[in-house]
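Taken in order, the sequence shown gives residues -19 to -1, 1 to 211; the numbers are from mature numbering (1 follows the signal peptide of the UniProt record, and there is no 0).
Even glycine gets a Cβ: it sits at the ideal position worked out from N, Cα and C.
Remarks on the structure that follows.
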Amino acid sequence: MKHLYAILLLSVISFFNCAGPKQDDLSGLLLLLGAGGPGSSFHCGQTVANPVSVSFAASNGNYVTESNLLTALGGDNCSTPNLTDNNNGTVTDSENRFIWTLCVLDDSSNQPNTFSSPNCAGFDANDSSFSQTNASTTCSNLTFASRSDWILPDAIQLHSLRSASSPYVLGAFGSANNSIGDSGTAWSSTVINGTIEALGITSLYEATNVFRAFTPSTTGQTTVVCVAKY
């Protein structure tokens, strides 16, 4: 795909350059855009803007069929992650170019729970007190591991961490105590137009269900991890 992109880009540049010197600026612009093409600036995830219109019924507390949601969000465009535990409470996915917080957010400090290699400090029921709105704000305001560009991941990005077998989440997220392998769920930034009202999507890390919908103001149902892009 990267090679095809490069060929198409060069073809467009050649076409416009045939028009003469006046097209030099356009060629330069296309080259600049090409430098940010697939493999250098693209990050996988939801490609349909919130709130996403869906063709299936969904109400507060309902489980959402995996294939239906992924299709509605524009398709699962993430590659299988290549995860590295950075031993500082973060995990790098070098394949999709993400950095994740390994430990779920603590509701008192609005920081990830304390990391003590290789595990996270125990979370409690209060760490599920984040609404989707509050989770998004908390990730956006987070400064952690020398980064301040954290965001709440969308449902496709969280889905990339899912494993089909126990503990149903990949890498350190499943092997570290008290990460999302233990909480089994995390808020995403994805919002859909439900049957009656707008609904936020949570990702699940369990045997049967993959996604669940709640009103964005719902608390007490799920935990939070944040992601940064590089």
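Taking C-beta separations shorter than 7 angstroms and ignoring five residues to either side along the sequence, the partners of F195 in its chain run N41, G42, L180, G181, T183, Q202, following chain order. Y186 sits buried, since 16 or more C-beta atoms from the chains shown fall within 10 Å of its C-beta.
In the DSSP assignment, I173 falls within the beta strand (DSSP E) that extends over 166 to 174. Here S198 has S112 as same chain residues with Cβ atoms under 6 angstroms from its own Cβ, once five neighbours each way along the sequence are excluded. Contact fails between the stretch 164 to 174 and the stretch 88 to 97, because fewer than three Cβ pairs, one in each stretch, are under 8 angstroms apart. Per DSSP, A116 lies in no beta strand (DSSP E) segment; the continuous alpha helix (DSSP H) that holds it begins and ends at 113 to 122.
If you compare the alpha carbons of S97, P32, C207, S75 with that of W131, the shortest gap goes to C207. Of the residues Y44, D105, S129, Q27, the one whose Cα lies closest to the Cα of G175 is Y44. L54 carries a coil assignment under DSSP once its states are collapsed to helix, strand and coil. Annotation for C59: C25, G26, N77, I137, Q138, H140, S141 place their beta carbon closer than 8 angstroms to its own, counting only its chain and skipping 5 residues before and after. N122 and G55 have their C-alpha atoms some 28 angstroms from each other. Distance between E178 and G70, taken at the CA atoms: about 36 angstroms. Here DSSP, grouped into helix, strand and coil, assigns D88 to coil.
A residue is called buried when at least 16 other Cβ atoms come within 10 angstroms of its Cβ; A38 does not meet this threshold and is exposed.
Excluding sequence positions up to five before and after T65, its CB lies within less than 6 angstroms of the CB of T73, all in the same chain and listed in chain order. Within a 10 Å sphere around the beta-carbon of S97 sit fewer than 16 other beta-carbons, which makes this residue exposed. In this chain, the beta strand (DSSP E) harbouring G181 covers 179 to 185. Counting the other Cβ atoms within 10 Å of the Cβ of G103 gives fewer than 16, which makes it exposed. It is roughly 7 angstroms from the alpha-carbon of A145 to the alpha-carbon of A188.
For L64, the enclosing beta strand (DSSP E) starts and ends at 64 to 66. Contact between S147 and T204 does not hold, since their C-beta atoms are separated by about 19 angstroms, which reaches or exceeds 8 angstroms. In its chain, beyond the 5 residues on either side, P148, Y149, V150, F154, G155, S156, Y186 have a beta carbon closer than 8 angstroms to the beta carbon of G162.
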